[in-house]
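Chemist: After the structure tokens below, expect a handful of questions from me.
There are 2 protein chains.
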Amino acid sequence: MSGEDKTGIRLTDEQRLDWLRLIRSDNVGPRTFRMLLQRYGSARSALAAVPDLARRGGATGPPRLCSRDDAERELKAAKSRGVILLGLGEREYPQRLRMIDDAPPLLAVRGAIAALDRPMIAIVGARNASAAGMRFAERLARDLGAADFVIVSGLARGIDAAAHRASIATGTLAVLAGGHDHVYPPEHGELAEAILAQGALVSEMPLGWEPRARDFPRRNRLISGLAVAIVVVEAAKRSGSLITARFALEQGREVFAAPGSPLDPRSEGSNGLIKEGAALVTEAADVIAVVRPILGQRTDLAVEEPERAPPPGGDPGGDERARVTQLLGPTPVSIDDLVRLSGCSPAMVRMVLLELELAGRLERHGGALVSLR
Amino acid sequence: MSGEDKTGIRLTDEQRLDWLRLIRSDNVGPRTFRMLLQRYGSARSALAAVPDLARRGGATGPPRLCSRDDAERELKAAKSRGVILLGLGEREYPQRLRMIDDAPPLLAVRGAIAALDRPMIAIVGARNASAAGMRFAERLARDLGAADFVIVSGLARGIDAAAHRASIATGTLAVLAGGHDHVYPPEHGELAEAILAQGALVSEMPLGWEPRARDFPRRNRLISGLAVAIVVVEAAKRSGSLITARFALEQGREVFAAPGSPLDPRSEGSNGLIKEGAALVTEAADVIAVVRPILGQRTDLAVEEPERAPPPGGDPGGDERARVTQLLGPTPVSIDDLVRLSGCSPAMVRMVLLELELAGRLERHGGALVSLR
Numbered sequence: 001m002s003g004e005d006k007t008g009i010r011l012t013d014e015q016r017l018d019w020l021r022l023i024r025s026d027n028v029g030p031r032t033f034r035m036l037l038q039r040y041g042s043a044r045s046a047l048a049a050v051p052d053l054a055r056r057g058g059a060t061g062p063p064r065l066c067s068r069d070d071a072e073r074e075l076k077a078a079k080s081r082g083v084i085l086l087g088l089g090e091r092e093y094p095q096r097l098r099m100i101d102d103a104p105p106l107l108a109v110r111g112a113i114a115a116l117d118r119p120m121i122a123i124v125g126a127r128n129a130s131a132a133g134m135r136f137a138e139r140l141a142r143d144l145g146a147a148d149f150v151i152v153s154g155l156a157r158g159i160d161a162a163a164h165r166a167s168i169a170t171g172t173l174a175v176l177a178g179g180h181d182h183v184y185p186p187e188h189g190e191l192a193e194a195i196l197a198q199g200a201l202v203s204e205m206p207l208g209w210e211p212r213a214r215d216f217p218r219r220n221r222l223i224s225g226l227a228v229a230i231v232v233v234e235a236a237k238r239s240g241s242l243i244t245a246r247f248a249l250e251q252g253r254e255v256f257a258a259p260g261s262p263l264d265p266r267s268e269g270s271n272g273l274i275k276e277g278a279a280l281v282t283e284a285a286d287v288i289a290v291v292r293p294i295l296g297q298r299t300d301l302a303v304e305e306p307e308r309a310p311p312p313g314g315d316p317g318g319d320e321r322a323r324v325t326q327l328l329g330p331t332p333v334s335i336d337d338l339v340r341l342s343g344c345s346p347a348m349v350r351m352v353l354l355e356l357e358l359a360g361r362l363e364r365h366g367g368a369l370v371s372l373r
Numbered sequence: 001m002s003g004e005d006k007t008g009i010r011l012t013d014e015q016r017l018d019w020l021r022l023i024r025s026d027n028v029g030p031r032t033f034r035m036l037l038q039r040y041g042s043a044r045s046a047l048a049a050v051p052d053l054a055r056r057g058g059a060t061g062p063p064r065l066c067s068r069d070d071a072e073r074e075l076k077a078a079k080s081r082g083v084i085l086l087g088l089g090e091r092e093y094p095q096r097l098r099m100i101d102d103a104p105p106l107l108a109v110r111g112a113i114a115a116l117d118r119p120m121i122a123i124v125g126a127r128n129a130s131a132a133g134m135r136f137a138e139r140l141a142r143d144l145g146a147a148d149f150v151i152v153s154g155l156a157r158g159i160d161a162a163a164h165r166a167s168i169a170t171g172t173l174a175v176l177a178g179g180h181d182h183v184y185p186p187e188h189g190e191l192a193e194a195i196l197a198q199g200a201l202v203s204e205m206p207l208g209w210e211p212r213a214r215d216f217p218r219r220n221r222l223i224s225g226l227a228v229a230i231v232v233v234e235a236a237k238r239s240g241s242l243i244t245a246r247f248a249l250e251q252g253r254e255v256f257a258a259p260g261s262p263l264d265p266r267s268e269g270s271n272g273l274i275k276e277g278a279a280l281v282t283e284a285a286d287v288i289a290v291v292r293p294i295l296g297q298r299t300d301l302a303v304e305e306p307e308r309a310p311p312p313g314g315d316p317g318g319d320e321r322a323r324v325t326q327l328l329g330p331t332p333v334s335i336d337d338l339v340r341l342s343g344c345s346p347a348m349v350r351m352v353l354l355e356l357e358l359a360g361r362l363e364r365h366g367g368a369l370v371s372l373r
């Protein structure tokens, strides 16, 4: 199976530096980054606009922007560790990951970059997996690897590690929750190194970032986002693997789950997924049969134009800002409702939300819901 | 849950004797019985017509009809063992079983006949079941029993026995592949006796009938036919439980399967059922949620009129008989094709097939396919 057709932009060194500064600045997440780039045409113009936007959004002081020095230091440190920073829309940036609406503007990659160009399938599951579960994950990873798929997982103990180990030779991708210098769990350092020959480690977090508990669910959206399908092997109720499955559904990825005994709590989550409509998987062929036709389809590329002119539309006036802000509170509301209830245009509502976000006052939830912090 | 609304006929002693003679005669199965009854209005008239029909179908000698003496002996022996013979369409005849097109004209029942009037769920599975599989079958049978369902199964070792045992107190039905004096396997004699207090043993076979291998698949259609839903727990590929599941689908019953490890061959069949669309079950509530609304629906009763006048339509002429017979060979063909290719009316084709069947020359397959023996 060859890599899918790709097009791409190429960031200049200066642009990459600006992108890094913008995404490393306070209150700028992947969605905000994308909106700012659309609005201001370039990261540099966006950086210049952020202080004013934050002030209009009600920030008490000037927002912390990542300095040019800090960004240069990160780029240099990355280079010295063999980590490259791929910009969203660049040719090497994983094609499917481009399609999710909170794709990292810059993806830090270490290893065999060519692996990013191949179709991927995620295998995730319980850390306290059973011997049978690990054996099944290995078999599946080996067989999917033999069918030319790259295996994506989270480097965790149990199922993740089993899936990585069985696909070291054919190519596997581990998505880190922290920076490249903070592989977790520490005992998987050797496994991480072994992955590099045919696969890669990827992260959206800066070097030096030690993963906190909440970084793992956030990371999980990248595991599903990279893949065309995910397979959940042994997942308990309310487990991280189910979070990955939910992301996969939101992202339009195929979701498979391995069945297990109804008496085994480690299979409650995976059996539950099947009840809710996930496909039952007992062998690699189950996945391949579903995935092959999808790979034949042209994907919808969301390529960023790096220096696109700002779209028309002015800034919100004080009245519009007040109307939108009044509708917000600690309870999440949908952006659609804000548009309907405020009487403002969708573009204007988005702009007010952007200001609030840059002021550190807005929280974004799944399903286009927002609330005040 | 109360019994579903039922209506019914009442056979006289003479009619019951005639029905028994007809169904115990050579080449008369449940479908042929029904056709003969429809055609001749009563079992007695059908018995009188069979020799001529068989001769026209090409029988070399007169067909063996069950004698009045033999039938009286069977009825007497049944009575002495506490076995009653329920006629299809009689009030006590299990309501859902009436609806299948090869329902036994007479069902031999021993035990608490009131159990037949309650909604039933079948639980079937592997004889060489795992401890976990047996435990799950027990839990499911117990919980469904507590929810007022009667548990139907086949008295086999493994899953069947586990399901029966766990529902002895709430009511369970064992469908035998042989006569009531041939409980199989022999070591389940005590279990069979224990079932009788709140449940029953049922069979369509005559007393004295020792079950052969091919009687078990045939019996399985009654397990699914009695139930509103079946649950398959641990079934290997090409197992009897999958045959029961296939019958269940043909009969429009809900099919559930318990998931199991992809590495366990005992779960290959049940996992396969889920892949093909069966609902995954991990607890009784899964079954109850699907079944409760179905029980609220009026069922389509196929009550036999015991002495209905014969429908209009003459006997096939020699030409029609030849045209249909010429189209038949050892390869199964559909009855629809016979109608189309012979140019005869569907009623006429059915009549020719009936003659051939009574002459012992016809074999009926699933899906309305027939071939010459």
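Chains as they are written, first to last, in my numbering: chain A, 1 to 373; chain B, 1 to 373.
The beta-carbon is built from N, C-alpha and C at its ideal position, and this holds for glycine as well.
Could you work out which residues of chain B lie near R68 (chain A), taking near to mean beta carbons separated by less than 9 Å?
Modeler: Ordered by position in chain B, no residue passes the 9 Å Cβ test against R68 (chain A), which lies about 54 Å from the chain.
Chemist: If you follow the alpha helix (DSSP H) that I195 (chain B) is part of, which residue opens it and which one closes it?
Modeler: Segment 189–195, the alpha helix (DSSP H) holding I195 (chain B).
Chemist: Are the C-beta atoms of L280 (chain A) and some chain B residue less than 8 Å apart?
Modeler: Yes - at least one Cβ of chain B is within 8 Å of the one on L280 (chain A).
Chemist: To the nearest angstrom, report how far apart R44 (chain B) and R16 (chain B) are at their CA atoms.
Modeler: Using only the alpha carbons, I get a separation of about 10 Å.
Chemist: Can you name the residues of chain A whose CB is closer than 9 Å to the CB of F136 (chain B)?
Modeler: Those within 9 Å of F136 (chain B) in chain A are S261, P262, L263.
Chemist: Out of B:E254, B:I274, B:A122, which one is the CA nearest neighbour of I294 (chain B)?
Modeler: Out of B:E254, B:I274, B:A122, B:E254 has the C-alpha closest to the C-alpha of I294 (chain B).
Chemist: For N271 (chain B), return the contacting residues in chain A, with the cut-off set at a CB-CB distance below 8 Å.
Modeler: What N271 (chain B) touches in chain A: P259, L280, T282.
Chemist: Can you tell me the Cα-Cα spacing of I436 (chain B) and R55 (chain B), whole angstroms?
Modeler: In the structure as shown, chain B begins at 1 and stops at 373. Residue 436 (chain B) is therefore absent and cannot be evaluated.
Chemist: Going by C-alpha to C-alpha distance, which of A:I84, A:L53, A:R91, A:S80 sits closest to I9 (chain A)?
Modeler: Answer by Cα proximity: A:R91.
Chemist: Leaving out five residues on either side along the sequence, give the residues of the same chain with a beta carbon under 7 Å from the beta carbon of P30 (chain B).
Modeler: For P30 (chain B), where only same-chain residues beyond five positions count, the Cβ hits under 7 Å are D102, A103, P104, P105.
Chemist: Does the beta carbon of K237 (chain B) come closer than 8 Å to any beta carbon on chain A?
Modeler: By this cut-off, K237 (chain B) is not an interface position.
Chemist: With a floor of 3 residues, list each beta strand (DSSP E) that falls wholly inside the segment 131–193 of chain B, ordered by position along the chain.
Modeler: Listed in chain order, they are 150–153, 172–175.
Chemist: How many whole angstroms separate the CB atoms of I230 (chain B) and V124 (chain B), which I take to be in contact at a CB cut-off of 8 Å?
Modeler: Going by Cβ atoms, the distance from I230 (chain B) to V124 (chain B) rounds to 6 Å, so yes, they are a contact pair.
Chemist: Taking all protein chains shown into account, do 16 or more other C-beta atoms lie within 10 angstroms of the C-beta of Q326 (chain B), making it buried, or fewer, making it exposed?
Modeler: When all chains shown are included, Q326 (chain B) counts as exposed.
Chemist: Name the residues in the segment 116–145 of chain B whose C-beta lies less than 9 Å from a C-beta of chain A; which are they?
Modeler: For the segment 116–145 of chain B, which is checked against every Cβ of chain A, the residues closer than 9 Å are S130, A132, G133, R135, F136, R139, L140.
Chemist: On the DSSP bridge list, what partners appear for E234 (chain A)?
Modeler: Answer is none; E234 (chain A) lacks a bridge partner.
Chemist: Pull up the distance between the alpha-carbon of F33 (chain B) and that of E355 (chain B), whole angstroms please.
Modeler: F33 (chain B) and E355 (chain B): Cα-Cα distance of roughly 12 Å.
Chemist: Would you verify that the beta carbon of K79 (chain B) is, or is not, closer than 8 Å to some beta carbon of chain A?
Modeler: Judged by the 8 Å Cβ criterion, K79 (chain B) is not in contact with chain A.
Chemist: Using three-state DSSP, classify G367 (chain A) as helix, strand or coil.
Modeler: In this structure, G367 (chain A) counts as coil in the three-state DSSP scheme.
Chemist: Closer than 7 Å by C-beta to T170 (chain A): which residues in its own chain qualify, once you throw out the five before and the five after it? Chain order, please.
Modeler: G145, A146, Q198.
Chemist: Which residues in chain B sit within 7 Å of K76 (chain A), going by Cβ to Cβ distance?
Modeler: In chain order: nothing, as chain B lies at least about 48 Å away.
Chemist: Please state whether DSSP places G87 (chain A) in a helix, a strand or coil.
Modeler: Of the three classes helix, strand and coil, the one that applies to G87 (chain A) here is strand, per DSSP.
Chemist: For F136 (chain B) versus A59 (chain B), is the C-beta distance shorter than 8 Å?
Modeler: No, the pair does not count as a contact, with Cβ atoms beyond the cut-off.
Chemist: Of all the CB atoms in chain B, is at least one closer than 8 Å to the CB of I274 (chain A)?
Modeler: Interface residue, yes.
Chemist: By how many angstroms is the C-alpha of P206 (chain A) removed from the C-alpha of E14 (chain A)?
Modeler: Rounded to the nearest angstrom, the two C-alpha atoms are 18 Å apart.
Chemist: Would you mind sorting A302 (chain B) into buried or exposed? The rule is 16 or more other CB atoms within 10 Å of its CB.
Modeler: In this predicted model, A302 (chain B) has a pLDDT of only 48, less than 50, meaning its place in the structure is not dependable enough to derive any value.
Chemist: Just the Cα atoms here: how many angstroms apart are K237 (chain A) and A278 (chain A)?
Modeler: Each residue's Cα considered, the two are about 15 Å apart.
Chemist: Starting from the Cα of R24 (chain B), find the closest Cα among B:P63, B:G41, B:I113 and give me that residue.
Modeler: When only C-alpha atoms are compared, the closest one is B:P63.
Chemist: Please say whether V352 (chain B) and E320 (chain B) have beta carbons closer to each other than 8 Å?
Modeler: Contact flag set, yes.
Chemist: Would you mind giving the Cβ-Cβ distance between S243 (chain A) and N220 (chain A), rounded to the nearest angstrom? I have them listed as a contact below 8 Å.
Modeler: Per the sequence shown, residue 243 (chain A) should be read as Ile rather than Ser. About 5 Å separates the two Cβ atoms, so the contact holds.
Chemist: Within 10 angstroms of the Cβ of A373 (chain B), are there 16 or more other Cβ atoms? Answer buried if so, exposed if not.
Modeler: Note that residue 373 (chain B) corresponds to Arg in the displayed sequence, not to Ala. Exposed, because fewer than 16 other Cβ atoms sit within 10 Å of the Cβ of R373 (chain B).
Chemist: Please name the residue in B:D337, B:E193, B:L107 whose C-alpha comes closest to that of I84 (chain B).
Modeler: Nearest C-alpha to I84 (chain B): B:L107.
Chemist: Closest Cβ-Cβ distance between V255 (chain A) and chain B: below 8 Å?
Modeler: Chain B, which has no Cβ nearer than 8 Å to the Cβ of V255 (chain A), makes this no.
Chemist: Alpha carbon to alpha carbon, how far is I100 (chain A) from L369 (chain B)? Give it in angstroms, no decimals.
Modeler: About 53 Å.
Chemist: Can you tell me the Cα-Cα spacing of D26 (chain A) and A359 (chain A), whole angstroms?
Modeler: Roughly 9 Å between the two C-alpha positions.
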